[in-house]
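Worksheet: one structure, shown below.
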Amino acid sequence: MPISIRPLHPVFVGEVTGVDVSRPLEPQEVVAIEAGMDKYGVLVFPGQIITDDQQMAFTRNFGAIEDARGGNVTKPQDKRLVTGMNDVSNLGKDGKPLARDSRQRLFNIGNMLWHSDSSFRAIPAKYSLLSARVVNKKGGNTEFADMRAAYDALDDETRAEIADLVCEHSLMYSRGSLGFLDYSEEEKAMFKPVRQRLVRSHPVTGRKSLYLSSHAGAILGMPMPEARMLLRDLNEHATQPKFVYVHKWTLGDLVIWDNRQVMHRVRRYDDSQPRDMRRTTVAGDAPTVAQEAAE
Ligand SMILES: [Fe+2]
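Sequential numbering from 668 applies to the sequence shown in our numbering.
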C-alpha cells in the first residue's frame, strides 16, 4: 500500500497511513514523508508500536540525531533512556512517576509552555518525533500551532516591524517564567542565551514563519518590558484556535513535527499516573542568525 496523507486540520497537520516505521524505508517513502512534512508541518502516524532502536533508525532517515547535551537538568546517571532518546515522560530511572518536588519534574513542567524544541541551541532542531508508549487516560494532549499561518495573518505594519528582529533564547527564560530560578554555575553556562531570528524562512518551501518559543526572553536592541510584551502579543496571535491542532494520544501514535514551522505544548495531566513519551530529535543544519563572537 503506498503512503497516503489525509489533512486533519484546515491549515496544517496530516495523518499518514501505508507505512510501517519499524522497518527500513524505501528512498521514495522518505521523499514522500519529507514532502508531507514540508507541506503539513506535523504528521501523525497511528498504530506504530516501535522500540527505541527502531525509532532512532527511522529518525536517521531525516538527518543526524541531535546531541541532547545541555538541554536538561537531569544528571547523566539519572537518565532512564539510552543516548539518542529524549525522555519526555514523567518517570524516573526506577520507572515510577517522579516525586512532586523532583527538580527534573519541575524543570519538565516547562514543556507545558508553547515552544519550539531546541530553540535554545545555536543550531536549533529540524524535526521532533514523539512516540506514545504509555498514555494518560485523561489530559496530556499535545497541541501544535502553525507559525506559517500565524505569520501570513499578520498585518503589513507588524511584518515590517519584526522582519529583522533577533531574539535571545534560553531554557532559563522559559523555566524562569514559571518561577524555576535556581541554577548551578555549570547550568548557567550550559543555558547561556543564543540568538534566533524572529521571522525565518523554510529552507525548502521558502515560506516565512514566526519563530516563537517560550525560550525567547529578550530582543536585541529593545528594552526588556517592550520586548517581552511584543513576544506575548505575537504568541497570543499565533496560538489562536484557528492555528491550533489538538492531538489526543492513542498508544502507538508517532507524531513528527517540524520545529522550524510549528510550536507545541503538552497540557496538564494526572502526574501520579505513568506517562511514557519518548522523543527523538533531528538536528538542524544551520543557525538562523550569526551568534555573538566567542568571548
Ligand atoms: Fe517540546
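Yeah, the Cβ is synthetic: ideal placement off N, Cα and C, and Gly gets one too.
Since we're looking at a predicted model, the values are computed, not measured.
(message) Three Cβ pairs or more, each shorter than 8 Å: is that satisfied between the segment 827 to 836 and the segment 799 to 808?
(response) no
(message) Below 7 Å, is the gap between the Cβ of ASP784 and the nearest heavy atom of ligand 1?
(response) For this step, residue 784 is matched to residue 117 along the sequence shown. Under cutoff, so the answer is yes.
(request) Indicate the three-state DSSP secondary structure (helix, strand or coil) for ALA724 in the structure shown. (result) For this step, residue 724 is matched to residue 57 along the sequence shown. Correct three-state label for ALA724: helix.
(message) Taking DSSP's pairing of strands, which residues face ILE829 in a bridge?
(response) The residue labelled residue 829 in the question sits at position 162 within the sequence shown. Beta-bridge pairing links ILE829 to no other residue.
(message) Once DSSP output is grouped into helix, strand and coil, what is the label at MET779?
(response) Within the sequence shown, numbered from 1, the residue matching residue 779 stands at position 112. Three-state DSSP puts MET779 in a helix.
(message) DSSP three-state label for PRO791, please.
(response) The residue you call residue 791 lines up with position 124 of the sequence shown. PRO791 falls in the coil class under three-state DSSP.
(request) Kindly indicate which three-state DSSP category TYR850 falls into: helix, strand or coil? (result) Looking up residue 850 in the sequence shown gives position 183. In this structure, TYR850 counts as coil in the three-state DSSP scheme.
(request) Could you check how far apart the C-beta atoms of GLY806 and ARG935 are, in whole angstroms? I think they sit under 8 Å. (result) Sequence index remark: in the sequence shown, residue 806 carries index 139 (1-based). Sequence index remark: in the sequence shown, residue 935 carries index 268 (1-based). GLY806 to ARG935, Cβ: 6 Å. Contact.
(message) Does GLY685 come out as helix, strand or coil in the three-state DSSP assignment?
(response) The residue given as residue 685 occupies position 18 in the sequence shown. Coil, per DSSP.
(message) Do GLY759 and GLY919 count as a contact pair if the criterion is CB distance below 8 Å?
(response) Within the sequence shown, the letter at position 252 stands for residue 919. Within the sequence shown, the letter at position 92 stands for residue 759. Taking 8 Å as the Cβ cut-off, GLY919 and GLY759 do not qualify as a contacting pair.
(request) Have a look at PRO908, ILE829, GLU903 and flag the residue whose alpha-carbon is nearest the alpha-carbon of HIS676. (result) For this step, residue 676 is matched to residue 9 along the sequence shown. It is PRO908 whose Cα lies nearest to the Cα of HIS676.
(message) Please state the DSSP three-state secondary structure of VAL680.
(response) The residue labelled residue 680 in the question sits at position 13 within the sequence shown. Coil.
(request) Report yes or no: do the segment 887 to 902 and the segment 751 to 766 share at least 3 C-beta pairs separated by less than 8 Å? (result) Using a C-beta cut-off of 8 Å, the segment 887 to 902 makes no contact with the segment 751 to 766, since fewer than three inter-stretch Cβ pairs fall below that distance.
(message) Does GLU962 come out as helix, strand or coil in the three-state DSSP assignment?
(response) In the sequence shown, counting from the first residue as 1, residue 962 sits at position 295. Caution is warranted here: a pLDDT of 46 is assigned to GLU962, below 50, making its placement in the model unreliable, and the coordinate value is therefore given only provisionally. If DSSP states are grouped into helix, strand and coil, GLU962 belongs with coil.
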